[in-house]
Amino acid sequence: MFTRPELVITQPSIFFMFNLVSQSLGKLYGIGVGPGDPELITLKGYHLLQQVPIVAFPAGMGGKPGIAEQIISSWLKSDQVKLPLTFPYIQDDSLLQQAWQQAAETLWPYLEQGQDVGFVSEGDVSFYSTFTYLAQTLQKFRPEVVVQAIPGICSPLAAVASLGIPLTIRDQTLAILPAIYAIAELETTLHRADVVVLMKVSSVYQQVWDVLKRFNLLEQAYIVERATLPNQVIYTGLSDRPHLCLSYFSILIVKTKPDQTGEPMWNRHLAC
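For what it's worth, our numbering labels the leading residue of the sequence shown as 5, then goes sequentially.
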């Protein structure tokens, strides 16, 4: 007894059909566009940004353009479709998941039509980036979509460049914490790491200042607001600054041990 040929489905044919579907879809690119200065985008990111027909980015607040949109505004072409996507600045997981789902559904029709989409994010797309959640959400309900990340310069590296100091040297250990989520771990981290970076420290600054005071580290702490942007602000030494009003995009860097190594400082004329 023979099986009818038209009913035979082999694994290679399934794989072939899946590839055909994937190739007919557009690709989602996550493009890290750096910390703020438009010239700090990578060449690869710049070239890809100008090639994709659809450019998506986090929408700004109050009808104003967001940081990522501001960074790329001079690099975009008039015939590209611009898609601002709304992501609320909250910690409510259910509302965040709704926002990621809505954003994924907004991008899907373009990808389904075979159009590539570039989603731009300030800094790097793998470093505390909304792009991670967007890509994961999209691939949950459309696993055939191909996603590619284009790395960018992340804000801690931009901040130390503005300060004129290296982030780490020799055998120094580095810890990076999302301040709003990790304030409880700060004391333990200060004991263990030689250099500690706190991301988006503004909402917990007073608590952080109190901890640094107890550890006698206020004079070894630095803050950079809006790194590399024209309105960048730098604070070096925080002993007399317990009540700073900081912007959302503020980074605090602490050197937990006294400089015993002749650590270089490239720019000694900082505006504090």
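Glycine included, each C-beta is placed from N, C-alpha and C at the ideal position.
- The criterion of a C-beta distance shorter than 9 Å is not satisfied by isoleucine 238 and leucine 202.
- Leucine 138 places its beta carbon less than 9 Å from that of phenylalanine 123.
- The beta carbon of glutamine 119 lies closer than 6 Å to those of Gly30, Pro57, Ile58 in the same chain, with the five residues before and after it left out.
- A direct Cα-to-Cα measurement between serine 133 and glycine 34 gives close to 10 Å.
- Looking at the DSSP output, isoleucine 169 sits in no beta bridge, so it has no partner there.
- DSSP places phenylalanine 145 within a helical segment (H, G or I) once states are collapsed to three.
- Classified as buried, arginine 230 has 16 or more neighbouring CB atoms from the shown chains inside 10 Å of its CB.
- By the neighbour-count criterion, in which 16 or more other beta carbons inside 10 Å mark a residue as buried, valine 129 falls on the buried side.
- When only Cα atoms are considered, lysine 204 and isoleucine 169 end up about 20 Å apart.
- If you compare the alpha carbons of Ser251, Ile76, Gln236, Ser28 with that of alanine 162, the shortest gap goes to Gln236.
- Taking all protein chains shown into account, lysine 217 has fewer than 16 neighbouring C-beta atoms within 10 Å of its C-beta and is therefore exposed.
- Contiguous alpha helix (DSSP H) elements confined to the region 207 to 241 occur at 209 to 218, taking only those with 4 or more residues.
- In its own chain, leaving out the 5 sequence neighbours on each side, no residue places its CB closer than 8 Å to the CB of glycine 66.
- The Cβ-Cβ distance between leucine 242 and isoleucine 257 does not fall below 9 Å.
- Judged by DSSP secondary structure, leucine 178 falls outside any alpha helix (DSSP H) and instead within the beta strand (DSSP E) spanning 178 to 182.
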